[in-house]
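Trainee: For the sequence shown, the working numbering assigns the number 2 to the initial residue and increments by one for each residue that follows. What follows is a structure written as structure tokens; I'll ask about it next.
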Amino acid sequence: MAGVLIQDGRRSGHLKWSIEAIQKGVADGVIINPFATPRVKIPRNPSAAEIVSEIHSIGGEVLFDPMTHAAMLSNSDRLDFYESWALWGANGRSLSNPIDRLEHIERVFKYQQTLNVPLLSPTTTIDDPQSVHANTALDMARLAKNLDSSSWQSLVGTRAFWSSGNRLDAYIGTLVSLQAPVWLITVSNEIVNENVHDLSATDAFAGLYRTVHSLSMRSRVIVAYADFGGLGTIAAGADSVGSGWDRGQRIFDPLSFQNGDGTPRRAASYVTQGRLLSVLRRDAADAIEKWDPMVAPLIRGGAMPKSDGEERLHHLHQLRKTIQDITVTPHRKDRVEILRGKYNQAKVDYETLIPSLRPSVETAHLTKWITNPLDVLERYAESEGF
């Protein structure tokens with residue numbers, strides 16, 4: 002089922018907003034994780050069991066991503082919820098030997114079985130297909146498959162991993178042989194500075210698309226923390242992407258797993274521009290509206306959201322609609338053509354807007370939201386003969 006899964010978050014309205022999005026048909030389920038959801042209910046944060054029950058009751062899908070790759074990051078110290086899950090054995094957060102790995106997987110599977118969600122294997126971040134981490138990830142995948150042949154698998158890689166060319170393809174070939182029913186893929190970022198995915202590393206993201214293509218030949222593929230930056234993976238065969246309303250839901254951000262300095266931060270207000278495949282600041286949305294009130298709703302994809310709540314639903318609606326437009330056909334070549342057309346239309350719109358509306362709308366927006374993703378799509382299409 003092609004669609005949008007809402008990534009976990011700590012905001013007090015998270016469950017309510019997720020339920021509303023699923024009931025309104027702009028999201029299809031949620032991905033919870035032990036960093037954002039406590040095992041036992043605490044004030045303003047429902048337990049995992051409560052969330053699963055609520056989402057299942059309205060027909061939504063629920064995944065429990067153990068986020069082991071985030072737990073293994075050196076600066077991950079936001080562990081107040083995480084440690085309550087007791088996902089590790091006597092040696093703590095260690096994957097250094099098969100016994101530690103097996104105990105960790107067994108504990109993860111135990112909670113997933115209790116929650117009545119799919120068995121999704123934990124993994125570690127890979128930076129090179131021939132590294133120790135790559136071997137560890139492969140060993141964990143095999144252990145999970147041996148524990149339960151129907152278990153889902155996870156794959157997390159850095160840009161260096163995705164850009165490793167033939168070595169990447171060979172490693173993915175080994176993963177394909179596991180015949181997992183579902184793969185959950187995450188692009189691990191070292192640093193995130195903006196609310197837009199940085200797809201300037203063309204080789205890396207073309208490698209990601211090739212990976213999705215290969216795995217999706219036999220398996221369902223979900224790309225976590227992808228949002229509009231994951232549209233190319235949908236063209237390559239992915240089924241769903243992870244998204245949400247905050248940056249930490251739309252992009253894998255290491256800061257989401259770190260304790261802050263306590264300084265209050267006021268989030269900027271944004272409005273999703275559906276035909277631009279972009280999320281721009283509200284002042285840009287206002288400028289487009291003032292520029293041409295008749296054209297603005299067409300570019301935006303609907304009425305101007307009057308509040309953050311309306312924007313949450315508007316964003317998810319525009320994302321899910323775009324995914325549905327792309328997945329109207331099962332053929333990757335045709336999906337690429339559909340997405341290429343959307344990028345080219347967005348490029349035309351941007352080139353019309355920029356001369357009149359800079360600096361509210363500027364060339365940097367075109368580059369980050371359209372030009373870079375289109376370059377990746379074309380590189381992938383060329384490699385596949387599309």
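Every residue gets a Cβ at the ideal spot worked out from N, C-alpha and C, and that includes glycine.
Restricting to Cα atoms, I'd like to know which of Ala297, Thr330 and Ala202 is closest to Asp350.
Mentor: Nearest option by C-alpha distance: Ala297.
Trainee: What residue range does the beta strand (DSSP E) around Leu156 cover?
Mentor: Gln154 to Gly158 is the extent of the beta strand (DSSP E) around Leu156.
Trainee: Which value, in whole angstroms, describes the spacing of the CA atoms of Gln319 and Leu277?
Mentor: The alpha-carbon atoms of Gln319 and Leu277 are separated by roughly 10 Å.
Trainee: Run the CB neighbour count on Gln8, radius 10 Å, all protein chains shown included, and call it buried at 16 or more, exposed below.
Mentor: Label assigned to Gln8: buried.
Trainee: On a CA-only basis, which of Asp228, Asn167, Gly166 and Ala236 is nearest Ala382? Give me that one, please.
Mentor: Out of Asp228, Asn167, Gly166 and Ala236, Ala236 has the C-alpha closest to the C-alpha of Ala382.
Trainee: Distance, Cα to Cα, Arg94 vs Ala71?
Mentor: Computed Cα separation, rounded: 11 Å.
Trainee: Where are the beta strand (DSSP E) runs, 3 residues long or more, that stay fully inside the segment 185-272, in chain order?
Mentor: Fully enclosed beta strand (DSSP E) runs of 3 or longer: 221-224 and 241-244.
Trainee: When you compare the CB positions of Gly238 and Arg108, do they come within less than 8 Å of one another, or not?
Mentor: No, these two residues do not count as a Cβ contact at 8 Å.
Trainee: At the level of alpha carbons, what is the spacing between Gly249 and Leu103?
Mentor: Taking the straight line from one Cα to the other gives about 29 Å.
Trainee: Let's see if you can read the secondary structure: which residues bound the beta strand (DSSP E) around Gly4?
Mentor: Run containing Gly4: Gly4 to Gln8, per the beta strand (DSSP E) assignment.
Trainee: Val183: which of Val197, Phe162, Asn190 and Met218 sits nearest, CA to CA?
Mentor: The candidate whose alpha carbon is nearest that of Val183 is Met218.
Trainee: Along the beta strand (DSSP E) that carries Leu64, what are the first and last residues, could you check?
Mentor: Element bounds for Leu64: Glu62 to Phe65.
Trainee: So, for Lys25: in the same chain, excluding its five sequence neighbours on each side, which residues have a beta-carbon less than 7 Å away from its beta-carbon?
Mentor: These residues qualify, in order along the chain: Leu314.
Trainee: Would you check if the distance between the CB atom of Pro119 and the CB atom of Leu88 is smaller than 8 Å?
Mentor: For Pro119 and Leu88, no; Cβs fall outside 8 Å.
Trainee: Of all the options Asn46, Gly30 and Ser165, which has the alpha carbon lying nearest to the alpha carbon of Gly14?
Mentor: The shortest C-alpha separation from Gly14 is found at Asn46.
Trainee: In terms of alpha-carbon separation, which member of Phe253, Pro306, Phe258 and Val193 lies closest to Tyr271?
Mentor: Tyr271 has its Cα closest to that of Pro306, out of Phe253, Pro306, Phe258 and Val193.
Trainee: State whether the segment 52-64 contacts the segment 74-83, with contact taken as three or more CB pairs (one from each stretch) at a distance under 8 Å.
Mentor: In short, these stretches do not touch, since the Cβ pair count stays below three.
Trainee: What's the C-alpha gap between Arg359 and Gly233?
Mentor: For Arg359 and Gly233, the distance between alpha carbons rounds to 28 Å.
Trainee: If you count every other CB in all the chains shown that lies within 10 Å of the CB of Ala205, and 16 or more means buried, which is it?
Mentor: Under this definition Ala205 is a buried residue.
Trainee: Using beta-carbon positions only, say whether Val193 and Ile252 come within less than 8 Å of one another.
Mentor: Yes.
Trainee: Counting Cβ pairs, one atom from each stretch, are 3 or more of them under 8 Å apart for the segment 176-190 and the segment 156-168?
Mentor: The segment 176-190, when compared against the segment 156-168, does touch it at the 8 Å Cβ threshold.
Trainee: From the DSSP output, in three-state form, read off Gln180 for me.
Mentor: The answer is coil: DSSP assigns Gln180 none of H, G, I, E or B.
Trainee: Which value, in whole angstroms, describes the spacing of the CA atoms of Gly303 and Glu51?
Mentor: If I take the Cα positions, the gap works out to 34 Å.
Trainee: Look at the alpha carbon of Glu363 and the alpha carbon of Ser150, and state the distance between them as a whole number of angstroms.
Mentor: Approximately 51 Å between the Cα atoms of the pair.
Trainee: Pick helix, strand or coil for Ile45, following the three-state DSSP scheme.
Mentor: Note that residue 45 corresponds to Arg in the displayed sequence, not to Ile. Coil at Arg45, not helix or strand.
Trainee: Note the first and the last residue of the continuous beta strand (DSSP E) segment covering Ile59.
Mentor: No beta strand (DSSP E) contains Ile59, which DSSP labels as neither H nor E.
Trainee: Could you tell me which of Ser54, Val27, Met295 and Gly231 sits nearest to Glu311, measuring between CA atoms?
Mentor: Taking only the C-alpha atoms, the option nearest Glu311 is Val27.
Trainee: Is the separation between the beta-carbon of Tyr12 and that of Ser85 shorter than 8 Å?
Mentor: The question names Tyr, yet the displayed sequence has Arg at residue 12. Taking 8 Å as the Cβ cut-off, Arg12 and Ser85 do not qualify as a contacting pair.
Trainee: Going along the chain, which residues of its own chain have a beta-carbon closer than 6 Å to the beta-carbon of Ala347, five neighbours each way excluded?
Mentor: Cβ within range, chain order: Leu277, Leu278 and Ile371.
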